[in-house]
Amino acid sequence: MIRLERRKAPSKAMLWLTPLLAVLLTMIFGGILFALLGKDPFAAIHMIFIEPFTDSYSQRQLLIKGGPLILIAVGLSLGFRAGVWNIGAEGQFIMGAIGGGAVGLALYGMPGIWVLPLMTLAGALAGFAWAMIPAFLKVKFNANEILVSLMLVYVAENFLRAMVTGALKNPDGRGFPESRSLAQYASAEMPMLIKSAGLNVGGLVAIGAVVLAYTLLARHRLGYQIKLTGQAPRAARFSGVKPGIIVAATLGISGALAGMAGLFELVGPAGKLTTNFPLGYGFTAIIVAFLGRLNPIGIFLAGILMAATYVGGETVQFALQVPAAAIRVFQGMLLFFLLAVDVLVAYRFVLKKEAK
Amino acid sequence: MDFSSIDPISLIVSLMIAATPILLAGLGELVVEKSGVLNLGVEGMMIIGAIAGFALAVETENPYLGMLAAMGAGAVLALLFGILTQFLLSNQVATGLALTLFGLGLAALLGHSYTGLKPPAVSKLDIGFLTDIPVLGRIVFNHDAVVYFSIFMVIALWWFLNRSRAGLVLRAVGESHDAAHSLGYNVVMIRLAAIMFGGAMAGLGGAYFSLIRVPQWTEGMTAGAGWIALALVVFSSWKPGRLLIGAYLFGGISVLEINLQIVGVGISPAYLKMTPYLVTIIVLVIMSSDRRRASLNAPASLGRSFHASH
């Protein structure tokens, strides 16, 4: 009989091997899925996992698509480590785009290098404020932050709809539900720093967030308190860590980062606010955070890999005529397998004869 | 503005229809949580139920077979969650989220070719003279079978949890899995059964959307109903009777919101659409603010993994 036995200490090797194992399992079962859809599984897997890293156009897309994912996931991971579950990053992403976008649209046409920084600040503030709602309700009224932050995603989606048909609607847009195009406003354009690598300002900020989060966790007092709260909440309270501060800090940071990601998406790939603006990055970032083991460097790698599934997913969609949803199944599968093989970190399987 | 176009009787009737899916899913989740497991995948199981039920109903032209399929599909997806959390001891919050993300994706993939089709109609109860009673007839005697089933389940679950031995064992597992284990109960198997029951109920709730309430298939059509059901369980303090009240309250709000849109109160429909979600938040805040009362009826082992060390 096979049974689980708790390891004396979590396995370091398994900590890094399990994400790879999860990717491998996703390739196998994803391949089966494509075969069931009547598509060539080997071609599909090659397009999703290999081609984005070899093709030069796709390579550039990796950082562009991975940037927002990494930015959001780094913030989420801080909360997840402390047992604060911000599931509403998608809402904070949307509010960041609306808040920052509103500033850009108000200044529309006005030149100045301070325009984009101001928009970014507004985006971060809007995301921060949106995340402070569940934080406040959690600290003050003990309301579950998972449900509150998630409900606010739906509120934000409807607020976006209200904005693009109302206050932020393009006055010359012949009634289409969309804002003016920020892509045609030079001062609000996101500068591309290294064209060959696809590194724009958003990507640079994402990398900066990775470094900052790493330093915070390794060197800073707040980082230590976050880790302690997650691992031993009682011990943390006895040693003087205020749970309310941890809730507010982790939700606030993740909200601000998600808001910034939303603004970068708006001034980068999206170009304008429409009802189709939300792409689910806020949810995919949850997968990225776990796949990266809630570790900033791991999250960077996981973000690039997840970006590859987006880039490759688009190729597959056109080349093999697969519905867009297939790639979301793929991403969900990845998280499932990761959580399944996670058991190997703290436990090992042992073969035991039934003792009579 | 003309409020006279809102007919109070049809308002109550459509309130019951709007409430039924969240009531079903909420009842399932209530049992799951009573066994000490927190499954955040309700939304994923609902949407899978919605497409599985729709697909089979369209293929067989029998809505009831579709509903059975929806329950089966919900239970299978829940079983995945069960295997991960009960055997592989994965984090319940993360696994529940994974279930929702996976379910939404899979449903969109499966539903790709079913967009725009019409499902077979579900007949309503019609007992001639009883249904013809003014006011009461339409409210009490003129619904589809699922509405009656959901109300029956409220009573059945109340009886199961409070009056039956099996219900007592289920609650014991949820209060203290270690104590239940030492008494010789199979904690993992009892929890798996509860999880699958929760999946079946969520699946049926999802099918109610695609087969009766809407009725057609659109991507992401459950629109957060699974999450509202989760909040309802907190609202109900884990009591089936209160869950019914909560579900009908929410049904009322969403129906009112639609009616106000039709009447045209001069507010952008996007703002009106926020109301169910905002009300959910307000309700959560009110129910949770008294910490002592909130935890009074909550299962003590909720969300904790169980691993028998011997």
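Going down the list, the protein sequences come from chains A and R. This note's numbering puts the first sequence at residues 26 to 381. This note's numbering puts the second sequence at residues 592 to 901. Think of the CB as a built atom: it goes at the ideal place given N, C-alpha and C, for glycine as much as any other residue.
Supposed close pair residue i, residue j - CB separation, criterion 8 Å
i: K709 (chain R); j: Q807 (chain R); result: 6 Å
i: G794 (chain R); j: A685 (chain R); result: In fact, because the Cβ distance is near 22 Å, the residues do not count as touching under 8 Å.
i: V633 (chain R); j: I786 (chain R); result: Wrong, their Cβ atoms sit about 11 Å apart, outside the cutoff.
i: G125 (chain A); j: A98 (chain A); result: Not quite, the Cβ-Cβ distance comes to about 20 Å (not below 8 Å), so this is no contact.
i: S845 (chain R); j: G837 (chain R); result: Rounded, the Cβ-Cβ distance is 13 Å, inconsistent with contact.
i: L700 (chain R); j: A351 (chain A); result: 5 Å
i: L875 (chain R); j: L629 (chain R); result: In fact, because the Cβ distance is near 15 Å, the residues do not count as touching under 8 Å.
i: G687 (chain R); j: E810 (chain R); result: Between E810 (chain R) and G687 (chain R) the Cβ distance is about 21 Å, and since that is not below 8 Å, they are no contact.
For residue i, the three-state DSSP class (helix, strand or coil)
i: L631 (chain R); result: coil
i: F74 (chain A); result: helix
i: T722 (chain R); result: helix
i: V236 (chain A); result: helix
i: N888 (chain R); result: coil
i: R318 (chain A); result: coil
i: N225 (chain A); result: strand
i: V876 (chain R); result: helix
i: V375 (chain A); result: strand
i: M217 (chain A); result: strand
i: T299 (chain A); result: strand
i: R28 (chain A); result: strand
Neighbourhood of residue i by C-beta, 7 Å cutoff - its chain only, sequence neighbours within 5 removed
i: L326 (chain A); result: G317
i: L376 (chain A); result: I27
i: F732 (chain R); result: L716, I718, L721 and T722
i: G843 (chain R); result: L606
i: G100 (chain A); result: I278, S279, L282 and A283
i: A310 (chain A); result: L94, I97, A98, L101 and A114
i: L132 (chain A); result: V140
i: G323 (chain A); result: G317
i: K381 (chain A); result: Residue placement at K381 (chain A) is flagged as unreliable, the pLDDT there being 43, under the threshold of 50; a coordinate-derived value is accordingly withheld.
Close beta carbons around residue i, own chain, < 6 Å, minus the five adjacent residues each side
i: G255 (chain A); result: R106, A107 and G108
i: G91 (chain A); result: G328, I329 and A332
i: F897 (chain R); result: H768 and V778
i: A609 (chain R); result: G842, S845 and V846
i: L224 (chain A); result: L88 and L218
i: T340 (chain A); result: M72
i: A643 (chain R); result: A660, A661 and A664
Residue-level contact to chain R via CB, residue i, 9 Å cutoff
i: N320 (chain A); result: no
i: D367 (chain A); result: yes
i: M176 (chain A); result: yes
i: I312 (chain A); result: yes
i: A332 (chain A); result: no
i: M358 (chain A); result: yes
i: N301 (chain A); result: no
i: L316 (chain A); result: no
i: L345 (chain A); result: no
i: W110 (chain A); result: yes
Min CB distance residue i to chain C below 9 Å
i: M812 (chain R); result: No chain C appears in the structure shown, which is made up of the protein chains A and R.
Within-9 Å CB hit, residue i to chain A
i: N682 (chain R); result: yes
i: A664 (chain R); result: no
i: I638 (chain R); result: no
i: Y705 (chain R); result: no
i: K830 (chain R); result: no
i: R895 (chain R); result: no
i: F876 (chain R); result: Here residue 876 (chain R) turns out to be Val, not Phe, going by the sequence shown. Output row for V876 (chain R): interface = yes.
i: L851 (chain R); result: no
i: F645 (chain R); result: no
i: H898 (chain R); result: yes
i: F693 (chain R); result: yes
i: A822 (chain R); result: yes
i: W818 (chain R); result: yes
Contact set for residue i: own chain, Cβ-Cβ below 8 Å, skip 5 residues either direction
i: I70 (chain A); result: M52, G55, G56 and F59
i: V366 (chain A); result: T43, L46, A47 and L50
i: P860 (chain R); result: Q852
i: I739 (chain R); result: Contrary to the premise, residue 739 (chain R) reads as Tyr rather than Ile in this sequence. L716.
i: N888 (chain R); result: S828, W829 and K830
i: A757 (chain R); result: F751
i: Y372 (chain A); result: L29, E30, R31 and R32
Item to complete: Decide yes or no for the touch test of the segment 240 to 259 of chain A against the segment 53 to 61 of chain A: beta carbon pairs closer than 8 Å, at least 3 of them.
Response: Note that the segment 240 to 259 of chain A does not touch the segment 53 to 61 of chain A; fewer than 3 beta-carbon pairs, one per stretch, sit closer than 8 Å.
Discussion item. With three or more beta-carbon pairs closer than 8 Å as the criterion, would you say the segment 863 to 870 of chain R touches the segment 179 to 199 of chain A?
Written reply: For the pair of segments examined, the segment 863 to 870 of chain R was found to touch the segment 179 to 199 of chain A: the number of CB pairs separated by less than 8 Å reaches three.
Worksheet item: With contact counted as at least three CB pairs below 8 Å, one residue from each stretch, are the segment 830 to 838 of chain R and the segment 139 to 155 of chain A in contact?
Response: A contact is defined here as three or more CB-CB pairs under 8 Å, and the segment 830 to 838 of chain R fails this definition with respect to the segment 139 to 155 of chain A.
Practice prompt. Examine the Cβ distances between the segment 293 to 304 of chain A and the segment 168 to 176 of chain A and report whether three or more of them are shorter than 8 Å.
Written response: Flag = no, the segment 293 to 304 of chain A and the segment 168 to 176 of chain A do not touch.
Practice prompt. Assess, as a yes-or-no matter, whether the segment 638 to 658 of chain R is touched by the segment 788 to 805 of chain R under the definition of 3 or more beta carbon pairs within less than 8 Å.
Written response: Three or more pairs of CB atoms, one per stretch, sit closer than 8 Å, so the segment 788 to 805 of chain R contacts the segment 638 to 658 of chain R.
Fill in: Stretch pair the segment 609 to 616 of chain R + the segment 757 to 775 of chain R: three plus CB contacts closer than 8 Å
With the cut-off at 8 Å, the segment 609 to 616 of chain R and the segment 757 to 775 of chain R do not touch.
Worksheet item: Are the segment 285 to 297 of chain A and the segment 75 to 82 of chain A touching by the rule of at least three beta carbon pairs closer than 8 Å?
Response: With the cut-off at 8 Å, the segment 285 to 297 of chain A and the segment 75 to 82 of chain A do not touch.
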